[in-house]
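Note that the protein sequences, when read in sequence, are chains W and Y. Take the first sequence: its letters are residues 37 to 121, numbered as in my numbering. Take the second sequence: its letters are residues 366 to 536, numbered as in my numbering. Ideal Cβ placement from N, Cα and C applies to all residues, glycine included. Okay, so here's the structure we're looking at.
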Amino acid sequence: MKEIVEYLLKMVIDCPDSLIINEIAKENLIKLEISADPSDIGKIIGRNGRLIKAIRTIASAVNRKGKDRTIIEIKETKNQESSFS
Amino acid sequence: MLHFENDGIRYSEQDQKAWQIVSRIVESISAGAEVKIVTADQGHTLFEIVKTDPGIIIGKHGHTLDAIQYIVNLIMNRRRGSENYKNYIVDIDGYRKRREESLKRYAREQAELAKRKGYNISLYYMNSMERRLVHMALQEDSDIITFSEGREPYRRIIIKPSSIKNEEDRL
Chain W
37 MKEIVEYLLK
47 MVIDCPDSLI
57 INEIAKENLI
67 KLEISADPSD
77 IGKIIGRNGR
87 LIKAIRTIAS
97 AVNRKGKDRT
107 IIEIKETKNQ
117 ESSFS
Chain Y
366 MLHFENDGIR
376 YSEQDQKAWQ
386 IVSRIVESIS
396 AGAEVKIVTA
406 DQGHTLFEIV
416 KTDPGIIIGK
426 HGHTLDAIQY
436 IVNLIMNRRR
446 GSENYKNYIV
456 DIDGYRKRRE
466 ESLKRYAREQ
476 AELAKRKGYN
486 ISLYYMNSME
496 RRLVHMALQE
506 DSDIITFSEG
516 REPYRRIIIK
526 PSSIKNEEDR
536 L
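Okay, structure coming up:
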């Protein structure tokens with residue numbers, strides 16, 4: 037599930053290198069934590085949340101075999117300021 | 366795993382890329398599923414998903430099929446202006462055609478009802494493609510007019526009999 041979400045999101049954002057997706061499997065749910073460059077968060081969500089909704093629908097279809105719930109969370113990556121310049 | 370079968374026809378690089386996206390999605394939902402290009406021209410490309418259970422790909426109320434189609438259109442048209450916009454349609458087992466027919470039938474039934482009762486009829490919530498189909502199916506009927514109201518995803522079509530002139534006459 038992580039692979040397909042990562043593949044799709046990389047094609048809609050401007051900084052694919054900043055995209056990090058963590059897949060966390062708990063008892064009866066699978067959670068995807070998406071972090072991306074702040075400038076890309078809006079693109080991932082999409083107008084009226086349409087893209088993230090479509091991504092959720094697809095992730096749930098991929099994950100349908102188990103009874104697991106699918107959760108997707110979006111986080112901003114911390115600004116890596118020039119601390120080592 | 367994903368090889369491009371072109372049946373001797375040369376498709377554009379764009380169509381091949383779109384095909385790849387659809388293939389990757391359906392393959393991850395249902396291993397073994399394949400995607401065919403049915404037609405491809407300047408403005409439209411139609412993909413047909415085969416070798417899998419249609420129910421899984423269609424999803425509840427067609428949501429999964431619509432999500433696949435939405436994403437491929439978004440990715441492919443991301444850097445294109447409206448004049449270069451290309452429409453990708455993703456179908457399985459004739460679902461789009463069947464859905465279109467049943468939507469039109471429903472729209473005509475409700476239009477008849479609106480005329481007979483003489484008041485506005487609200488249809489159920491639809492996405493923009495479905496609303497467009499309904500508007501088109503009813504545009505030749507001069508006894509009624511159609512318009513949409515509400516905000517996505519709770520936007521729906523209202524069928525209003527032409528005999529009603531003012532808002533006050535509305536029931």
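Would you check if the distance between the CB atom of isoleucine 457 of chain Y and the CB atom of serine 487 of chain Y is smaller than 9 Å?
Counted from its first residue, the second sequence places residue 457 of chain Y at position 92. Counted from its first residue, the second sequence places residue 487 of chain Y at position 122. The answer is no: Cβ separation not under 9 Å.
Beta-carbon within less than 8 Å of phenylalanine 120 of chain W's beta-carbon, same chain only, minus the 5 sequence neighbours each way: which residues are those?
In the first sequence, counting from the first residue as 1, residue 120 of chain W sits at position 84. Since pLDDT at phenylalanine 120 of chain W reaches only 46, below the 50 mark, its modelled position is unreliable, and the value read off the structure follows with that caveat. Around phenylalanine 120 of chain W: no qualifying Cβ.
Given this structure, state the Cα-to-Cα distance separating serine 393 of chain Y from glutamine 385 of chain Y, to the nearest angstrom.
Within the second sequence, residue 393 of chain Y is the residue found at index 28, counting from 1. Within the second sequence, residue 385 of chain Y is the residue found at index 20, counting from 1. If you take the alpha carbons of serine 393 of chain Y and glutamine 385 of chain Y, they lie about 12 Å apart.
Give the C-beta separation of proline 518 of chain Y and glycine 483 of chain Y to the nearest angstrom, bearing in mind that I take them to be a contact with Cβ-Cβ under 8 Å.
Numbered from 1 along the second sequence, position 153 holds the residue referred to as residue 518 of chain Y. Numbered from 1 along the second sequence, position 118 holds the residue referred to as residue 483 of chain Y. So it is not a contact: roughly 30 Å between Cβ atoms.
Kindly say whether methionine 383 of chain Y, judged by its beta-carbon, lies nearer than 9 Å to any beta-carbon of chain W.
Here residue 383 of chain Y refers to the residue found at position 18 of the second sequence. At residue 383 of chain Y the sequence reads alanine, which differs from the methionine that was named. No, alanine 383 of chain Y does not count as interfacial toward chain W.
Does serine 71 of chain W come out as helix, strand or coil in the three-state DSSP assignment?
Reading the first sequence from its first residue, position 35 is the one you call residue 71 of chain W. Serine 71 of chain W: strand per DSSP, three-state reduction.
Identify whether alanine 97 of chain W lies in helix, strand or coil by the three-state DSSP scheme.
In the first sequence, residue 97 of chain W corresponds to position 61, counting from 1. Helix, per DSSP.
Mapping the DSSP letters down to three states, classify glutamate 517 of chain Y as helix, strand or coil.
Taking the second sequence and counting its residues from 1, one reaches residue 517 of chain Y at position 152. Three-state DSSP puts glutamate 517 of chain Y in coil, outside helix and strand.
May I have the straight-line CA-CA distance separating histidine 428 of chain Y from isoleucine 88 of chain W, to the nearest angstrom?
Indexing the second sequence from 1 puts residue 428 of chain Y at position 63. Indexing the first sequence from 1 puts residue 88 of chain W at position 52. Taking the straight line from one Cα to the other gives about 13 Å.
Would you mind working out which of W/Glu112, W/Ala61, W/Glu69 sits nearest glutamate 42 of chain W, comparing C-alpha positions?
Taking the first sequence and counting its residues from 1, the one referred to as residue 42 of chain W is at position 6. Measuring from the Cα of glutamate 42 of chain W, the nearest candidate turns out to be W/Glu69.
Considering just the uninterrupted stretch of the beta strand (DSSP E) at isoleucine 423 of chain Y, what are its terminal residues?
The count along the second sequence starts at 1 and reaches residue 423 of chain Y at position 58. No beta strand (DSSP E) holds isoleucine 423 of chain Y; the alpha helix (DSSP H) holding it covers 419 to 423.
Tell me which residue opens and which closes the beta strand (DSSP E) that glutamate 399 of chain Y is part of.
One-based indexing of the second sequence puts residue 399 of chain Y at position 34. It spans 399 to 405 - the beta strand (DSSP E) in which glutamate 399 of chain Y sits, taken as one unbroken run.
Would leucine 439 of chain Y count as contacting chain W if we go by Cβ distances under 9 Å?
Counting from one through the second sequence, the residue named residue 439 of chain Y turns up at place 74. Answer yes: the Cβ-Cβ gap between leucine 439 of chain Y and chain W drops below 9 Å somewhere.
Grouping DSSP H, G and I as helix and E and B as strand, with all else coil, what is isoleucine 524 of chain Y?
Your numbering for residue 524 of chain Y matches position 159 in the second sequence. Residue state, collapsed to three classes: strand.
Cβ of histidine 428 of chain Y less than 9 Å from any chain W Cβ?
Taking the first residue of the second sequence as 1, we reach residue 428 of chain Y at position 63. By this cut-off, histidine 428 of chain Y is an interface position.
Hey, isoleucine 414 of chain Y and valine 391 of chain Y are a contact pair by Cβ (cut 8 Å); roughly how many whole angstroms apart?
Residue 414 of chain Y sits at position 49 when you count from the first residue of the second sequence. Residue 391 of chain Y sits at position 26 when you count from the first residue of the second sequence. Contact holds; Cβ gap of about 5 Å.
When the Cα atoms are used, what is the spatial distance from leucine 55 of chain W to glutamine 407 of chain Y?
Along the first sequence, read from residue 1 onward, the residue named residue 55 of chain W stands at position 19. Along the second sequence, read from residue 1 onward, the residue named residue 407 of chain Y stands at position 42. Computed Cα separation, rounded: 33 Å.
May I have the straight-line CA-CA distance separating glutamate 117 of chain W from isoleucine 110 of chain W, to the nearest angstrom?
Position 81 of the first sequence holds residue 117 of chain W. Position 74 of the first sequence holds residue 110 of chain W. For glutamate 117 of chain W, the predicted structure reports a pLDDT of 48, less than 50, and the residue's modelled location is therefore unreliable. A value from the coordinates is still provided. Going from the Cα of glutamate 117 of chain W to the Cα of isoleucine 110 of chain W covers about 21 Å.
Could you tell me the distance, in whole angstroms, from the CA atom of isoleucine 57 of chain W to the CA atom of threonine 511 of chain Y?
For the purposes of this step, residue 57 of chain W is taken as residue 21 along the first sequence, with counting starting at 1. For the purposes of this step, residue 511 of chain Y is taken as residue 146 along the second sequence, with counting starting at 1. Between isoleucine 57 of chain W and threonine 511 of chain Y, the C-alpha separation is close to 45 Å.
Taking C-alpha atoms, which residue in W/Lys38, W/Glu59, W/Gly85 lies nearest to tyrosine 435 of chain Y?
In the second sequence, counting from the first residue as 1, residue 435 of chain Y sits at position 70. Closest by alpha carbon: W/Gly85.
Check the Cβ-Cβ distances between glycine 397 of chain Y and every residue of chain W, and say whether any is below 9 Å.
Looking up residue 397 of chain Y in the second sequence gives position 32. Not closer than 9 Å to any Cβ of chain W, the Cβ of glycine 397 of chain Y fails to qualify, so no.
Would you call methionine 366 of chain Y buried or exposed, if buried means 16 or more other Cβ atoms sit within 10 Å of its Cβ?
Locating residue 366 of chain Y in the second sequence gives position 1, counting from the first residue. Reliability fails at methionine 366 of chain Y, whose pLDDT of 41 lies under 50, so the model's placement of it is uncertain and no value is given.
May I ask which residues mark the beginning and end of the alpha helix (DSSP H) holding asparagine 438 of chain Y?
Along the second sequence, one-based indexing puts residue 438 of chain Y at 73. Looking at the DSSP string, the run of the alpha helix (DSSP H) that includes asparagine 438 of chain Y is 428 to 441.
Mind pulling the chain Y residues with CB within less than 9 Å of alanine 61 of chain W?
In the first sequence, residue 61 of chain W corresponds to position 25, counting from 1. Simply none; closest approach about 17 Å.
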